[in-house]
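Asks: Terminal number for the sequence shown in numbering that gives the first Met the number 0: 365, no gaps in between.
Got a structure for you, questions after.
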Amino acid sequence: MTKKYLPVDIFQYLSGKVLGQEDVIRKISVAVYKHIQGLRSGNVLLIGNSGTGKTTIMKSIQQFYNEHEGLNPFRIMTITNANMLMDQEGAINTILLFKNLESEVMAATGFKVTAEEMKEYIENATVCIDEIDKISSKISGKVNPAGISIQQSLLTLLEGESILLETGLYDEDSKRKVKLHIDTSKMLFICGGAFEELYEQVYTLIARHGDERVFRETAQMDGQGGIRYKIGFTLKESLKLSDLFTYGMYPQFISRFSTIAVLDNLSKSDLKQIMLQADDSPYQYAREYFGSMGIELRITDDALDWIATHALEDLRIGARALREVFGRIIADFEYDPYQSEGITKTGDGKPILTIDKSIVANHLTR
0 MTKKYLPVDI
10 FQYLSGKVLG
20 QEDVIRKISV
30 AVYKHIQGLR
40 SGNVLLIGNS
50 GTGKTTIMKS
60 IQQFYNEHEG
70 LNPFRIMTIT
80 NANMLMDQEG
90 AINTILLFKN
100 LESEVMAATG
110 FKVTAEEMKE
120 YIENATVCID
130 EIDKISSKIS
140 GKVNPAGISI
150 QQSLLTLLEG
160 ESILLETGLY
170 DEDSKRKVKL
180 HIDTSKMLFI
190 CGGAFEELYE
200 QVYTLIARHG
210 DERVFRETAQ
220 MDGQGGIRYK
230 IGFTLKESLK
240 LSDLFTYGMY
250 PQFISRFSTI
260 AVLDNLSKSD
270 LKQIMLQADD
280 SPYQYAREYF
290 GSMGIELRIT
300 DDALDWIATH
310 ALEDLRIGAR
320 ALREVFGRII
330 ADFEYDPYQS
340 EGITKTGDGK
350 PILTIDKSIV
360 ANHLTR
């Protein structure tokens, strides 16, 4: 009997791949569960700065499908940039999504697939569209005709419609053309974007008392025994659908998403955890690199603390800042690590390269 994966099972898997963002992962887990159960799942919109984990979430969902028994019908997935849905002549080309899915089916089956199987694979697919904020109806205060057109074209796909897909299937030594009617209502759509100006837009609206929302205030004691009030604001707590409409997303488009999830900016603790545990951590890549030379790479906690602190200075790119900061430190050691500072040997003679606070400080304060 095929195992039934519950939302908690999906969460357990995804949270091992995506560090932090537990609230968002819970919502994603419910959406994926509904999808694999054939329930009307609703689509998901992810909002968060670059580097907070949107693309990692998308890739982790695909890994979940691929690595678990019984989920073979759902393993077809595509991740596409929203701007790619318009060709060089300016024509909207949403059929590109289905051509991408068709290619994924062919690759997964070795081109040995029937028309019925092709239809089932595509209808059970998960479609991820990144940088969805770039199809806003206005950019920097100016009308964005391309964005308007793409939003309108995606509307019916997200809601569910029948798409005619012409494809070629292989029969032994020949290839024949077939037309498939694809029902998009069975597909799961996950869209994501940074929405870079949204934070300031909502903050300014509340600060100017533009509607009923107010800042959350907490009382704190100051150094003289008095009380001062600290204003608290997060987009996750304050966001309303009307803010997305003001941003330039059509109400009809946004209404196609049953779940809107705002990702948190990563904390220093999150960044340290990502450095040590994430599959794509620059530290883990560096350990593999030096390991190929017989050198064990280590990093001290205070050095890690410094790296995370410097990475936090660029909230626009989140976890990606770790790669830039750590890269500045480790680059000097890659050419001839045996002659580098920080090299020691264990009792059995194995070389160890330890990145400590002094090394980090030396490289980051040049």
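Even glycine gets a Cβ: it sits at the ideal position worked out from N, Cα and C.
1) DSSP three-state label for Lys137, please.
2) Among the residues of its own chain, which have a CB less than 6 Å from the CB of Glu165, if the five just before and after it don't count?
3) Assuming contact is defined by CB atoms lying nearer than 8 Å, are Ile253 and Leu240 in contact in what I supplied?
4) Counting Cβ pairs closer than 8 Å, one from the stretch 151-161 and one from the stretch 6-20, do we hit at least three?
5) What are the start and end residues of the alpha helix (DSSP H) that includes Tyr169?
6) Taking the runs of the alpha helix (DSSP H) that are 4 residues or longer, which of them lie wholly in the stretch 288-330?
7) So is Phe110 buried or exposed if we call it buried at 16+ other beta carbons inside 10 Å?
8) Comparing alpha-carbon positions, which option in Ala206, Glu323, Glu101, Val112 lies nearest Thr125?
9) Is the beta carbon of Ile131 closer than 8 Å to that of Gly192?
10) Is the CB-CB distance between Glu160 and Thr183 below 8 Å?
11) Whose C-alpha, out of Ser237, Thr79, Thr345, is nearest the C-alpha of Asn99?
12) Between the C-alpha atoms of Gly69 and Thr245, what's the straight-line distance to the nearest angstrom?
13) Jot down the residue ranges of each uninterrupted beta strand (DSSP E) in the stretch 239-265, minimum 3 residues, whole runs only, in chain order.
14) Using 10 angstroms around the beta-carbon of Tyr12, count the other beta-carbons present and answer buried if the total reaches 16, otherwise exposed.
15) Roughly how many whole angstroms lie between the Cα atoms of Ala106 and Lys185?
16) Beta carbon of Ile94, beta carbon of Ile181: below 8 Å?
17) How should Pro281 be labelled, buried or exposed, when 16 other C-beta atoms within 10 angstroms of its C-beta is the threshold for buried?
18) So, helix, strand or coil for Glu216, using DSSP?
19) Helix, strand or coil for Val17 per DSSP?
20) To the nearest whole angstrom, what separates the beta carbons of Leu18 and Gln276, a pair I think is in contact under 8 Å?
21) Would you kindly check if the distance between the Cβ of Lys271 and the Cβ of Asp304 is under 8 Å?
22) Contact check, Met85 vs Ile91 under 8 Å by CB: the rounded distance?
23) Where do the ends of the alpha helix (DSSP H) carrying Leu157 lie?
24) Tell me the residue span of the alpha helix (DSSP H) that contains Asn99.
25) State the DSSP-derived secondary structure class of Lys111, mapped to helix, strand or coil.
26) Beta-carbon within less than 6 Å of Lys33's beta-carbon, same chain only, minus the 5 sequence neighbours each way: which residues are those?
27) Can you give the Cα-Cα distance for Glu367 and Lys16, rounded to whole angstroms?
28) Sorted by chain position, which residues of the same chain lie with C-beta nearer than 6 Å to Ala145's C-beta, five sequence neighbours on each side aside?
29) Should the stretch 47-66 be called in touch with the stretch 287-299, which here means at least 3 C-beta pairs below 8 Å?
Replies: To lay it out plainly:
1) In the sequence shown, counting from the first residue as 1, residue 137 sits at position 138. Reduced to three states, the DSSP call for Lys137 is strand.
2) Locating residue 165 in the sequence shown gives position 166, where the first residue counts as 1. The beta carbon of Glu165 sits closer than 6 Å to the beta carbons of Lys178 from its chain, once the five residues preceding and following it are set aside; these are given in chain order.
3) Translated into positions along the sequence shown, residue 253 becomes position 254. Translated into positions along the sequence shown, residue 240 becomes position 241. In terms of Cβ geometry, Ile253 and Leu240 form a close pair [threshold 8 Å].
4) With contact defined as three or more Cβ pairs closer than 8 Å, the stretch 151-161 and the stretch 6-20 are not in contact.
5) Within the sequence shown, numbered from 1, the residue matching residue 169 stands at position 170. First-last for Tyr169: 161-170, but that is the beta strand (DSSP E), not the alpha helix (DSSP H).
6) Entirely contained in the stretch 288-330, the alpha helix (DSSP H) runs reaching 4 residues are, in chain order, 300-310.
7) Counted from its first residue, the sequence shown places residue 110 at position 111. Exposed.
8) Start at 1 with the first residue of the sequence shown, and residue 125 comes out as number 126. The shortest Cα separation from Thr125 among Ala206, Glu323, Glu101, Val112 belongs to Glu101.
9) Position 193 of the sequence shown, counting from 1, holds the residue named residue 192. Position 132 of the sequence shown, counting from 1, holds the residue named residue 131. With contacts defined by Cβ atoms closer than 8 Å, Gly192 and Ile131 form a contacting pair.
10) As a first step, residue 160 is located in the sequence shown; it is residue number 161 there, counting from the start. As a first step, residue 183 is located in the sequence shown; it is residue number 184 there, counting from the start. Contact flag set, yes.
11) Counting from 1 along the sequence shown, the entry for residue 99 is found at position 100. Measuring from the Cα of Asn99, the nearest candidate turns out to be Thr79.
12) Walking along the sequence shown from the start, residue 69 turns up at place 70. Walking along the sequence shown from the start, residue 245 turns up at place 246. Distance from the CA atom of Gly69 to the CA atom of Thr245, rounded to whole angstroms, is 43 Å.
13) Counting whole runs of 3 or more residues, the stretch 239-265 contains the beta strand (DSSP E) stretches 256-261.
14) Here residue 12 corresponds to residue number 13 of the sequence shown, with the count starting at 1. Buried, since its Cβ has 16 or more Cβ neighbours within 10 Å.
15) Here residue 106 is taken as the residue at index 107 of the sequence shown, counted from 1. Here residue 185 is taken as the residue at index 186 of the sequence shown, counted from 1. The alpha-carbon atoms of Ala106 and Lys185 are separated by roughly 22 Å.
16) Residue numbering aside, residue 94 sits at position 95 when the sequence shown is read from its first letter. Residue numbering aside, residue 181 sits at position 182 when the sequence shown is read from its first letter. Not in contact: Ile94 and Ile181 (Cβ atoms no closer than 8 Å).
17) Counting from one through the sequence shown, the residue named residue 281 turns up at place 282. Classified as buried, Pro281 has 16 or more neighbouring CB atoms from the shown chains inside 10 Å of its CB.
18) Stepping through the sequence shown from its first residue, residue 216 is reached at position 217. Note: Glu216 maps to strand in three-state DSSP.
19) The residue labelled residue 17 in the question sits at position 18 within the sequence shown. The answer is coil: DSSP assigns Val17 none of H, G, I, E or B.
20) In the sequence shown, the residue the question calls residue 18 occupies position 19. In the sequence shown, the residue the question calls residue 276 occupies position 277. That pair is a contact at about 6 Å.
21) The residue labelled residue 304 in the question sits at position 305 within the sequence shown. The residue labelled residue 271 in the question sits at position 272 within the sequence shown. Taking 8 Å as the cut-off, the Cβ atoms of Asp304 and Lys271 count as close.
22) Numbered from its first residue, the sequence shown carries residue 85 at position 86. Numbered from its first residue, the sequence shown carries residue 91 at position 92. About 6 Å; that satisfies the 8 Å criterion.
23) Indexing the sequence shown from 1 puts residue 157 at position 158. First-last of the alpha helix (DSSP H) with Leu157: 144-158.
24) Here residue 99 refers to the residue found at position 100 when the sequence shown is read from its first residue. Run containing Asn99: 94-108, per the alpha helix (DSSP H) assignment.
25) Here the question's residue 111 lines up with position 112 in the sequence shown. Three-state DSSP puts Lys111 in coil, outside helix and strand.
26) If you number the sequence shown from 1, residue 33 lands on position 34. The beta carbon of Lys33 is closer than 6 Å to those of Ser40 in its chain, skipping five residues each way along the sequence.
27) The question about residue 367 has no answer here: the residues shown for the chain are numbered 0 through 365.
28) Working through the sequence shown from its first residue, we reach residue 145 at position 146. Here the set comprises Met85.
29) No: the two stretches stay apart, fewer than three of their Cβ pairs being nearer than 8 Å.
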